[in-house]
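For reference, the structure is listed below as structure tokens.
In full-length UniProt numbering, the protein residues as written are 1 to 121.
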């Protein structure tokens, strides 16, 4: 595990995401979360990973433990200067954080309402 990948396997560390975001400029981070049910194919995960890397923009990506194997090999290490990959984060707190510039979501009902109510969509 690299310094910018957080293991939240036992009890989620609700401060890890916020602490990382606190070190970023306002409206400088892409937040990516596809909820607890949506699954990307391996190809979709690869395309999204390379797009995030190529963007050069900071990103916070929630990748469930069951989906980690779909990430490109060494992706966390290669993007450690720009990205944080976690298995969980407090979504409402993240969406309300001033560092968030945009929210990439699966558009499930809860995520959509949360994003709209906080103004991240």
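Even for Gly, the Cβ is constructed at its ideal location relative to N, Cα and C.
Please classify residue 115 as buried or exposed, where buried requires at least 16 neighbouring CB atoms within 10 angstroms. Working through the chain shown from its first residue, we reach residue 115 at position 115. Label assigned to residue 115: buried.
Among 95, 33, 17, whose alpha-carbon lies nearest the alpha-carbon of residue 159? Absent from the structure is residue 159, since the part of the chain shown begins at 1 and ends at 121.
Report yes or no: do the region 15-29 and the region 41-56 share at least 3 C-beta pairs separated by less than 8 Å? no
According to DSSP, is residue 14 helix, strand or coil? Walking along the chain shown from the start, residue 14 turns up at place 14. Residue 14 falls in the helix class under three-state DSSP.
Based on the DSSP secondary-structure assignment, which residues constitute the bridge partners of residue 32? Numbered from its first residue, the chain shown carries residue 32 at position 32. Per DSSP, 61, 104.
Alpha carbon to alpha carbon, how far is residue 99 from residue 57? In the chain shown, the residue the question calls residue 99 occupies position 99. In the chain shown, the residue the question calls residue 57 occupies position 57. The alpha-carbon atoms of residue 99 and residue 57 are separated by roughly 12 Å.
Is residue 115 helix, strand or coil when you go by DSSP? The residue you call residue 115 lines up with position 115 of the chain shown. Residue state, collapsed to three classes: helix.
May I ask you to report which of helix, strand or coil DSSP gives residue 40? By one-based count along the chain shown, residue 40 stands at place 40. In the structure shown, residue 40 sits in coil (DSSP, three-state: anything other than H, G, I, E or B).
With DSSP as the reference, identify every bridge partner of residue 84, one or two as the case may be. Translated into the one-based positions of the chain shown, residue 84 becomes position 84. The partner list for residue 84 (beta bridge, DSSP) reads 60.
Have a look at residue 118 and residue 90 and give me their C-alpha separation to the nearest angstrom. One-based indexing of the chain shown puts residue 118 at position 118. One-based indexing of the chain shown puts residue 90 at position 90. C-alpha separation (whole angstroms): 14 Å.
Straight-line CA distance for residue 15 to residue 66? In the chain shown, the residue the question calls residue 15 occupies position 15. In the chain shown, the residue the question calls residue 66 occupies position 66. When rounded, the distance between both Cα atoms is 22 Å.
Along the alpha helix (DSSP H) that carries residue 66, what are the first and last residues, could you check? Walking along the chain shown from the start, residue 66 turns up at place 66. Neither: residue 66 is in no alpha helix (DSSP H) and is coded neither H nor E.
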